[in-house]
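The structure under discussion appears below in the form of structure tokens.
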Amino acid sequence: MIFEERLGNDIVCDLRFNNIAEIRPGSFHSLSNLHTLLLNDNRIKHLLPRTFEGASNLRILYLYKNRLERISPGAFSGLPNLEQLYLHFNHLKEIRKGTFNDLPSLERLFLHSNLLHHLPADAFHNVGPMTRLRLDSNALVCDCNLVWLVQRLQNKPSEMAAFCQSPNEMKGRSLTSMSMNDFHCTEPRIMNGPQDVEVRLGGTISFTCEVIGDPIPEIKWMRDSNEVSADGNRYVIEDDGTLIISDVTEQDTGEYECMAKSEMGFTKSRKARAVITVSPSLRFTELPESQTVQVGVDASFTCKVDGRPAPTIQWWRNGQMLDVGGRIAIEDEGSLLKIFAVKESDSARYVCQAKNSNGYAETSADLRVVDESYSPPKLTYEPHDMEAESGAIIEIPCRVEGFPKPVIQWKKDGTAVEGSRFRVSRGGSLYLYNVTAADTGRYECSAVNQYGRATAQALVRVRQPEAADVLVIRAFKDATEEIDRAINNTLIDLLSGSARTNPLRLARFPDAVGRAAARPAEIFERTLVNIRRMVNSGLSANTSTEFRYEEILTAEQVREIERLSGCTGHRHRQNCTNMCYHNKYRNIDGSCNNLRHPTWGSSYTGFRRVLQPIYENGFSSPVGWERNRRYYGYPKPSARLVSTTLITTHNVTSDSGITHMVMQWGQFMDHDLDHALPSVSSESWDGIDCKKSCDNAAPCFPMDVPPGDPRVNNRRCIDFIRTSAVCGSGATSLLWGSLTPREQLNQLTSYMDASQVYGYDDALARDLRDLTTDHGLLREGPAIPGHKPLLPYANGQFVDCRRNPVESSINCFVAGDIRANEQVGLLAMHTIWLREHNRIARFLRDMNPQWNGEKLYQEARKIVGAEMQHITYQHWMPHVFGRTAEELLGSYRGYDPNLDASISNVFATAALRFGHTLIQPQLQRLNESFQPIPQGPLKLRDAFFSPWRLVEEGGVDPLMRGMFGTAAKLKLPEENLNSELTEQLFHTAHAVALDLAAMNIQRGRDHALPGYLEWRRFCNMSYVETFEDLAGEIRSARVRQKLRELYGHPGNIDVWVGGVLEDQLPNAKLGPLFQCILLEQFKRTRNGDRFWYESPTVFKPEQLAQIKQTSLARILCDNGDNINRIQPNVFLLPEGDNKFVTCDEIPYVDLRVWSECCDGCEDQSNTISRFRRSAAKYLPSQNSFSLKDTNTQSQSEKTEYLERTIEETEQEFRKVIDLVESLSHKIKELRSLLEDVKKSK
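Sequential numbering of the sequence shown, starting at 1, is according to full-length UniProt numbering.
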């Protein structure tokens, strides 16, 4: 609504309460009589330069109560008569240079109730008297950069409200009561000035000007007494004051001096001379061109250059000069480089360098060698029909593969899509902004290259908003924009290629499926927040009473919010009717395992709670959100302080019994069971970047850095981001009849089903399969010469390991779990199990050539999952718990459909993380003689996200030998997590190296896990009132004293801290609490899985007998590159009865029992069955032949018939001979094995 009044010839324009989000420059042209403009109470976020140009007589401008975050310099230009400017109650964090310049009539400026810390002097050049200035309700930092305002106040007395927030000694003081002496500022002083330089024409000049002073001085450069204008191109003044002049010309000759100025004074440097010399230049007359060629062809580069004297030309690659010989030839006095029969290793940047006595010049070109065959476009993700609300932003997906890379085009109803509201993403998807009813139609994605075309269509319908309440629609739209902006900003930050990108965050960031699971809950919750804000701002409500959504929203409106946000997925019922499939095989996503409760244990569902969470507001705020809140009379100590005081150790003692493989298998197995889905953004809904703020603003939940921290001394916190929640829990549960506490999403299936190999949703599983054949294989990656294939490289996934191109250009690998690249030992284990699947699938195909690829894949997957279950329960658990699985859990009595196998929150967030105490600070890498490889052991800090080490430093074998050939770390009372994990975690890619112990503690608080004492009560442990009552489980008096100093009361102890600090049980690697919690889950994982390998319906008895022959030692023998000596139990050190033996002595799984026999045949191997089928047709009783069969045929027909019959019979005969030879070979092998067994007695 627009209201306009006239005061004489002056105009008053009222644009309040119109939901205006943007004002474009030029909107007020020809309004020279505009006197007052009311734009308050709208949704404006940004003012662009010259926004109000044309309103030259504007006197009063109201902009308060918007969402202003940024004002571009020059936004108020062209307003010489502006007297009053109201900008209070916005979100301004920064006032930039020049913001209020050239407002000579300004008398009143209100900036209170923003987020300002600083107010720069250079934002107020040529400004009016400002007789009223309000800066109160900001967090002003009263340092020397604010002295100008005190000076102005003294020189031009005015009414001002401004109070200091920091530093502490000035907190609460009013600027009106302060003088310059309160600030202890210093005059500018030049510490290192410019020196004379001589440079050749076209070169670069660098003049130094190192200045100190408080406030920070402004630096200018003068040449021959004239100011040098820094254009950001040839003339650049860097942050440290250095003047850089590029591509110098003769006009740059002169005397240069540096000038430094602040409110405290002025100084200048000595004059330095710049002398420009001219010399004959080198000039390229023909440049080499980059090219892409296939393996095996010849490539050549031409590089011609003129110069006096004549230059010499050299060619360089990877920092080394190329030598002539072999496949490399350099001709025509160096100007022609030829590479014959190129290989992939020839891919590089080739540098042509020309030199003579006057200098040198260089240019370069890239050679890319590919071995992939050219292919037509293929759509890997097709658009699908969808509905959208008017005004929404929608994505119509379309992804394609092909070589060369296809070009994607979009059409709507046969016409090319054009306009500013449409954008095609880099991946090919079409984004439509602010959709209207006119956007309804059929959209076609078309992908084209020179080898073909692929197309797909989808119908988009845009619903009209009349059916829904306007309040709900507006709140939802705002929420969608805010959440998607935070997600998009996070994506931009993660994928920018910055060397400081956190690889842990990048690797664990949810993919499209994960974001689709987490985003609805965030949108739903933000919609409720927006509704509350709108209601409170529009009604004179008593805000001291509790806000009740159910009193504001009708049931229909609740359903509308649910439908709009997509917050219904967690209640969709699975279709489990295909019992032919569900009786034999698992779903990839874990659904339909329990036929009564199909979603139990499936991916993207909530964790199971054993004890109710302790959120501070009862349903969603994590423990520690309110920093002054007390538990048992004491505040929660900083997670970082607990880590540095109690958990971190620089001393490491090795275990005398178990190997490092216990740790590695524990991590690998954990990645089959749980992954708490991270938040879909690292930015709050209100635009706060979690890396740059120490405020608790969801999803930001930073860890405070305590005073005197031994490492972190340049910031107040370490960033930390909350886990995503299930839609319908926490704040989003309020409207479904009962309050359900926030529950986190488990991205994985809860079953031990090898999901870290195969994936946890259909899209990922399909991407991991090799569908180019019908052999049931998983995709394989490159193979190092003399080695077996590695995992495939990531292509299009978010994770990217090429963070340091100087180190290596090798990308991350892709596996069933997104964390595969986190450390190179884990990556090696993933590689082993990829090979195990393909080894089994190939063997099954040899035994059962009639099986199609789907059955081969499912049967191999079923066997691999069973092998992992057997290794975990029968081989790994006894060395963790000190007793066998049967002693701990009881004998297996079959599947229990009433038992929910979903992973418990405390299992994933606390108990299973005991394994961090077993990690050594180095990964040993051993050769075939069990001696260190030339590159030596690998520090843990260098093992993170470094897949190139697997490719270039020996493959998987050295890492696996290091795991089963060396000891794990021993957990002692004051040796818990080694400092590589708490002080060096991702140090190269994070502003502050992360702390795994602190993250474990903070994650437990994020998930609102009850404290240590509550879990002791659950596990029927002894009652505790004082710290001395803990002596039975934590014998060290020093540790108990540190606990007392940190927590104040035993009830305040975090569960992970208490569990880790407990002394280990006899022959075990953990204490009684974590044993109790882990066994509660492991029992459910076994008994609540319909496909548990010991269940009589899963495998035949003879197959189960073979599965029980499985050992990790055998898996490593079969799938290592050249592992031929190993101890039988890789979880124990190779000593005594467990010494190294050859792989031939390790029992193996005989896959022949999976061969299918013919109908009616005796129960024996498929080889014999097929032999009988093949041979039966040649037995006389069944295949006697008589010429009577041809009596009715002519002579020529008889001849043709007999010749054809003879030929077919000879072919069958040759097949039988081949089969007999194969059987004979197998008999010889069995006899040889029998002799070896007899000799070993």
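We treat Cβ as the ideally placed atom computed from N, Cα and C, and that holds for glycine.
When DSSP assignments are scanned along the region 896–976, the uninterrupted stretches of alpha helix (DSSP H) that are 4 or more residues long and fall wholly within it turn out to be 905–909, 940–943, 948–952, 957–965.
Take the alpha-carbon of residue 231 and the one of residue 73: they are about 17 Å apart. Around the beta carbon of residue 580, a 10 Å sphere encloses fewer than 16 other beta carbons of the protein chains shown; the residue is thus reported as exposed. Listed in chain order, the non-local C-beta contacts of residue 136 below 7 Å within the same chain comprise 112, 161, 162, 163, local neighbours out to five positions each way being set aside. For residue 235, the beta-bridge partners assigned by DSSP are 245. Each of 314, 342, 1221, 333 was checked against the Cα of residue 295, and the nearest Cα belongs to 342. Looking at the DSSP output, residue 789 shares a beta bridge with 783. Shown here for residue 457: same chain residues with a beta carbon closer than 8 Å to its own, the five before and five after excluded, namely 383, 442, 443, 444, 445 in chain order.
If you look at residue 885, you'll find it in the alpha helix (DSSP H) that goes 885–889.
Judged by their CB atoms, residue 757 and residue 906 are not nearer to each other than the 8 Å cut-off. The C-alpha of residue 1221 is placed about 11 Å away from the C-alpha of residue 1228. Note on residue 838: 16 or more other CB atoms within 10 angstroms of its CB, so buried under the neighbour-count rule. It is roughly 8 Å from the alpha-carbon of residue 700 to the alpha-carbon of residue 689. Non-local beta-carbon contacts of residue 1151 in its own chain, meaning distances under 6 Å to residues more than five positions away in sequence, involve 843 in chain order.
Under the 10 Å beta carbon count, residue 947 is surrounded by 16 or more other beta carbons and is classified as buried.
Around the beta-carbon of residue 936, fewer than 16 other beta-carbon atoms lie within 10 Å, marking it exposed. In the DSSP assignment, residue 400 is bridged to 379. Leaving aside the five residues that flank residue 379 on each side, the residues in its chain whose CB is nearer than 6 Å to its CB run, in chain order, 400, 454, 456. A contact between stretches requires three or more CB pairs, one per stretch, nearer than 8 Å, and the region 750–764 fails this requirement with the region 920–930. Spatial neighbours of residue 997 in its own chain (CB-CB distance under 6 Å, excluding positions within 5 residues in sequence) are listed in chain order as 643, 647, 977, 982. For residue 291, same chain residues with a beta-carbon under 7 Å away, outside a window of 5 residues either side, are 299, 367 in chain order. In chain order, 659, 661, 1130 place their CB closer than 6 Å to the CB of residue 964, counting only its own chain and leaving out the 5 sequence neighbours on each side.
Residue burial annotation: residue 478 is buried, with at least 16 other C-beta atoms found within 10 angstroms of its C-beta.
Per the C-alpha coordinates, the member of 317, 138, 98, 393 positioned closest to residue 88 is 138. For the 8 Å CB-CB criterion, residue 68 and residue 95 do not form a contact. Within the same chain, and ignoring the five residues on either side of residue 927 in sequence, the residues whose Cβ sits closer than 6 Å to its Cβ are 933.
Annotated as distal: residue 1027 and residue 1016, with beta-carbon spacing of 8 Å or more.
For residue 294, the enclosing beta strand (DSSP E) has its first and last residue at 291–294. Boundaries for residue 1139: no beta strand (DSSP E) harbours it, and the DSSP string shows neither H nor E there.
Judged by their CB atoms, residue 289 and residue 273 are not nearer to each other than the 8 Å cut-off. Within 10 angstroms of the beta-carbon of residue 867 lie 16 or more other beta-carbons, which makes it buried. Across the set 1210, 773, 813, the C-alpha of 813 shows the shortest separation from the C-alpha of residue 781. The distance from the Cβ of residue 972 to that of residue 985 is about 21 Å, inconsistent with a contact at the 8 Å cut-off.
Across the structure, residue 202 and residue 358 are spaced so that their CA atoms are roughly 13 Å apart. Residue pairing by DSSP puts residue 704 in a beta bridge opposite 717. Taking C-beta separations shorter than 8 Å and ignoring five residues to either side along the sequence, the partners of residue 1019 in its chain run 1072, 1073, 1076, 1077, following chain order.
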